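S.K.: Residue numbers (the working numbering): 20 to 204.
C-beta: ideal position from N, C-alpha, C; glycine also.
Just so we're clear, the structure is a prediction, and the values are computed from it rather than from any experiment.
Quick one: the structure is below, questions incoming.
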Ligand code: URA
């Protein structure tokens, strides 16, 4: 058996057909630093991500890159992934079944990376970690989580592309995240 690594995970995901979305879209595993302290988790790939088989490489990805740069981080410093590993048709919301089917991949990524901080981007990712709280209540705050992890929810960058008011919220939440990261020893 080859040692479990992100490359092995990618190969296994490519061969996997356990989600109906695999009939119409390419698999998109997360990417980034395998030893990252921080892991960002979005909803599902969009058109550009499907084409390039990489997460967050379209308009929201560009905004995410800017937000990261604002707190002195590059994509290569962090790990970026999604709850759902395939683009839903027409970028519709993923169904609860699709999220459930894809979840083991995210759990395996978390087990490999062992991040200290998980940043769910938006309500779909947040729902998996803290189902009792809404993104509008939770964003920009640190929540202790089992295994010495912290969940630090932030609005999805795509939401800010459609709603100017959320933009400043995202910028200040990233600033708060940057400050929180400085407190980690
Ligand atoms: N939106 C997401 O949630 N994930 C991506 O990879 C791209 C856009």
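Would you list the one or two residues that DSSP bridges to residue 140?
M.R.: BP columns for residue 140 point to 173.
S.K.: If you follow the beta strand (DSSP E) that residue 60 is in, where does it begin and where does it stop?
M.R.: From DSSP, the beta strand (DSSP E) with residue 60 extends over 57-61.
S.K.: If you drop the 5 nearest sequence neighbours on each side, which residues of the same chain put their C-beta closer than 8 Å to that of residue 24?
M.R.: Excluding sequence neighbours, residue 24 sits near 53, 131.
S.K.: Beta-carbon within less than 7 Å of residue 84's beta-carbon, same chain only, minus the 5 sequence neighbours each way: which residues are those?
M.R.: Once the five neighbours on either side are set aside, the close Cβ partners of residue 84 are 94.
S.K.: Since I believe residue 190 is in contact with residue 143 (beta carbons under 8 Å), could you give me their beta-carbon distance rounded to a whole number of angstroms?
M.R.: Not quite, the Cβ-Cβ distance comes to about 22 Å (not below 8 Å), so this is no contact.
S.K.: If you follow the alpha helix (DSSP H) that residue 184 is part of, which residue opens it and which one closes it?
M.R.: It spans 183-202 - the alpha helix (DSSP H) in which residue 184 sits, taken as one unbroken run.
S.K.: Work out the CA separation of residue 108 and residue 136 for me, nearest whole Å.
M.R.: Distance between the alpha carbons of residue 136 and residue 108: 31 Å.
S.K.: What residue from 80, 111, 113 has the CA that sits closest to residue 98's CA?
M.R.: With distances taken between Cα atoms, residue 98 lies closest to 80.
S.K.: If you follow the alpha helix (DSSP H) that residue 99 is in, where does it begin and where does it stop?
M.R.: Here residue 99 belongs to no alpha helix (DSSP H); instead the beta strand (DSSP E) covers 98-101.
S.K.: With distances taken from CA atoms, which of 194, 203, 199 is nearest residue 90?
M.R.: Answer by Cα proximity: 194.
S.K.: Is it true that the segment 144-151 meets the segment 177-187, where meeting means three or more beta-carbon pairs spaced less than 8 Å apart?
M.R.: Segments in contact, no.
S.K.: What does residue 164 pair with, by DSSP beta-bridge criteria?
M.R.: Note: residue 164 sits in a beta bridge opposite 168.
S.K.: Any idea what DSSP makes of residue 50, helix, strand or coil?
M.R.: Residue 50 falls in the strand class under three-state DSSP.
S.K.: Judging by CA-CA distance, which residue of 176, 177, 160 is the nearest neighbour of residue 169?
M.R.: Of the listed residues, the one whose Cα sits closest to residue 169 is 160.
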